[in-house]
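*Asks:* Residues in the sequence shown are numbered from -2 upward in steps of one, following my numbering.
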Amino acid sequence: MATRRHDNGAVFDHGAQYFTVRDQRFQNCVDSWQHAGLVQRWTGRIVSLHDHNTEQDKSSTARFVACPVMNAICRHLAENLDVRTNTRVAPPSRCQGKWLVSDETGSELGEFDLVIVSAPGPQAGELLRGSAHLARLASSVKIAGCWALLVHFHARIDVDFDGAFVQDSPLSWIARNSSKPGRNPDTETWILHASGDWTQSHLEQPPEAIHERLLDAFWDATGVGAVPPSYVVAHRWRYALPTEPLPDRYLFDGDLQIGACGDWCSGPRVEGAFLSGAAMAGRVLASMDHVDCEV
Ligand SMILES: Cc1cc2nc3c(=O)[nH]c(=O)nc-3n(C[C@H](O)[C@H](O)[C@H](O)COP(=O)(O)OP(=O)(O)OC[C@H]3O[C@@H](n4cnc5c(N)ncnc54)[C@H](O)[C@@H]3O)c2cc1C
-2 MATRRHDNGA
8 VFDHGAQYFT
18 VRDQRFQNCV
28 DSWQHAGLVQ
38 RWTGRIVSLH
48 DHNTEQDKSS
58 TARFVACPVM
68 NAICRHLAEN
78 LDVRTNTRVA
88 PPSRCQGKWL
98 VSDETGSELG
108 EFDLVIVSAP
118 GPQAGELLRG
128 SAHLARLASS
138 VKIAGCWALL
148 VHFHARIDVD
158 FDGAFVQDSP
168 LSWIARNSSK
178 PGRNPDTETW
188 ILHASGDWTQ
198 SHLEQPPEAI
208 HERLLDAFWD
218 ATGVGAVPPS
228 YVVAHRWRYA
238 LPTEPLPDRY
248 LFDGDLQIGA
258 CGDWCSGPRV
268 EGAFLSGAAM
278 AGRVLASMDH
288 VDCEV
């Protein structure tokens, strides 16, 4: 659930585009976020584009976005927590019944009774080295990448939709980011997502090589005459969509007091990540039952 801001005021939600709700537990939380103004329903017109034909999306799926930007939910959840950003954690090591956690430069971050890893499966596999069984499971998860193009135009792009699933194209999804509630509607910002297959075959290309290919695909899919963007940048998501998530909601080694969760456990997408985290939290609280603590 990522957001990037450009100096010219343009704002891009370049990761998750929106989220859907199926599970009542997530629904309850989304209701409270909606009540607090943190989440709104995105009622933009969504279509499917195929060979220059436009087909209205007929599903009645409610699509939600965080406001004013997608990472607002993460910021909200992180309030009052001790969060260290821009810190790459190294695999923790076990010492006298505790976990020692350091960053990749070797600086110590602390000594802990219990560790939860919430990085994507393959990265979690590295961090879970202390528990061979969990490391093996996490490393086995396959996650497809996604090249994202963040584009700002000076003028409105003349199409009659706000988001489109694109067929038979290097692109799989395009959206007018500024059409989402809480964004500045006068700023013409677009997010283009490449398909999993296209991303896979261009994963190691430099970002500049990606710009032109995906912009060409955009003009081709929309049928609009090309205009130069005022700003464009490509972002590579190496781990975007788990293709075969694990059947478990979370992983936990009770002997070693280390666990893992994320959208690669039982359900890809935002709702799956939420449910995995909540289930992991439940397991940890249960394991602390014997500890004299207030929760
Ligand atoms: C391009 C794209 C489009 C998407 N579209 C949608 C959508 O429309 N709808 C939807 O529901 N979902 C969508 N998703 C999926 C959704 O974003 C994820 O399901 C959700 O964000 C997963 O949350 P998570 O907490 O499990 O993992 P992540 O959001 O991947 O968070 C893991 C975090 O761990 C950090 N990390 C990794 N290794 C380390 C380390 N060693 N030290 C410190 N930190 C580390 C990473 O930097 C990252 O911040 C999309 C994802 C992408 C990438």
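Virtual Cβ for every residue (Gly too), placed ideally from N, Cα, C.
With a Cβ-Cβ cutoff of 8 Å, do phenylalanine 9 and asparagine 174 count as a contact?
*Replies:* Taking 8 Å as the Cβ cut-off, phenylalanine 9 and asparagine 174 qualify as a contacting pair.
*Asks:* Let me know if tryptophan 39 comes out buried or exposed under the rule of 16 or more other beta-carbons within 10 Å of its beta-carbon.
*Replies:* That one is buried.
*Asks:* Within 10 angstroms of the Cβ of aspartate 289, are there 16 or more other Cβ atoms? Answer buried if so, exposed if not.
*Replies:* At aspartate 289, the pLDDT of 49 sits below 50, so the modelled position is not reliable; the number obtained from the coordinates is stated separately. Aspartate 289 comes out exposed.
*Asks:* How about glutamine 37: is its Cβ closer than 7 Å to a heavy atom in ligand 1?
*Replies:* Outside the cutoff, so no.
*Asks:* Measuring only the C-alpha atoms, how far is alanine 135 from isoleucine 171?
*Replies:* Spanning the two alpha carbons is a distance of roughly 31 Å.
*Asks:* Between which two residues does the beta strand (DSSP E) containing phenylalanine 158 stretch?
*Replies:* That residue, phenylalanine 158, is in no beta strand (DSSP E); it is neither H nor E in DSSP.
*Asks:* Check whether the stretch 133 to 147 touches the stretch 185 to 202, counting contact only when three or more Cβ pairs, one atom from each stretch, lie closer than 8 Å.
*Replies:* The stretch 133 to 147, when compared against the stretch 185 to 202, does touch it at the 8 Å Cβ threshold.
*Asks:* Give the single residue among Gly107, Leu211, Pro89 and Ala132 whose Cα lies nearest to the Cα of alanine 79.
*Replies:* Checking the sequence shown, residue 79 turns out to be aspartate, not alanine. Of Gly107, Leu211, Pro89 and Ala132, the residue nearest in Cα terms is Gly107.
*Asks:* Across which residues does DSSP place cysteine 26 in a beta bridge pair?
*Replies:* Bridge partners of cysteine 26: none, in fact.
*Asks:* Mind checking which residues open and close the alpha helix (DSSP H) that includes leucine 168?
*Replies:* Careful: leucine 168 lies outside any alpha helix (DSSP H), inside the beta strand (DSSP E) at 168 to 173.
*Asks:* Between which residues of its own chain and aspartate 183 is the CB-CB distance below 8 Å, once the five residues before and five after are set aside?
*Replies:* For aspartate 183, where only same-chain residues beyond five positions count, the Cβ hits under 8 Å are Ser175.
*Asks:* For aspartate 252 and alanine 270, I'd like the C-alpha separation in whole angstroms.
*Replies:* Their backbone Cα atoms lie some 25 Å apart in a straight line.
*Asks:* Spatial neighbours of threonine 0 within its chain, please: CB distance less than 6 Å, with the 5 preceding and 5 following residues excluded, ordered by chain position.
*Replies:* Cβ within range, chain order: Asp10, Val66, Met67 and Asn68.
*Asks:* Out of Ala121, Ile70, Cys64 and Leu74, which one is the CA nearest neighbour of alanine 87?
*Replies:* Of the listed residues, the one whose Cα sits closest to alanine 87 is Ala121.
*Asks:* Does the distance between the C-beta of arginine 72 and the nearest non-hydrogen atom of ligand 1 fall short of 7 Å?
*Replies:* The answer is no for arginine 72.
*Asks:* Assuming leucine 168 contacts leucine 211 under a Cβ cut-off of 8 Å, what Cβ separation, rounded to an integer in Å, is found between them?
*Replies:* Correct: roughly 6 Å between the Cβ atoms.
*Asks:* Would you mind giving the Cβ-Cβ distance between valine 114 and leucine 125, rounded to the nearest angstrom? I have them listed as a contact below 8 Å.
*Replies:* Sure, about 6 Å apart at Cβ, within 8 Å.
*Asks:* With a threshold of 8 Å on Cβ separation, who are the neighbours of arginine 280 within its own chain once the five nearest residues in sequence on each side are excluded?
*Replies:* Correct list, in chain order: Tyr247, Phe249 and Gly256.
*Asks:* For serine 57, tell me which candidate among Gln31, Gln14, Val18 and Arg153 has the shortest Cα-Cα distance.
*Replies:* Ranking the options by Cα distance to serine 57, first place goes to Val18.
*Asks:* Apart from the five residues on each side of it in sequence, which residues of its chain come closer than 7 Å, Cβ to Cβ, to glutamate 123?
*Replies:* For glutamate 123, where only same-chain residues beyond five positions count, the Cβ hits under 7 Å are Pro88.
*Asks:* Which full runs of the beta strand (DSSP E) of 3+ residues lie inside the stretch 73 to 131, going along the chain?
*Replies:* The qualifying runs are 90 to 92, 95 to 99, 105 to 109 and 112 to 114.
*Asks:* Which of the three DSSP states is assigned to glutamine 197 in this structure?
*Replies:* Helix.
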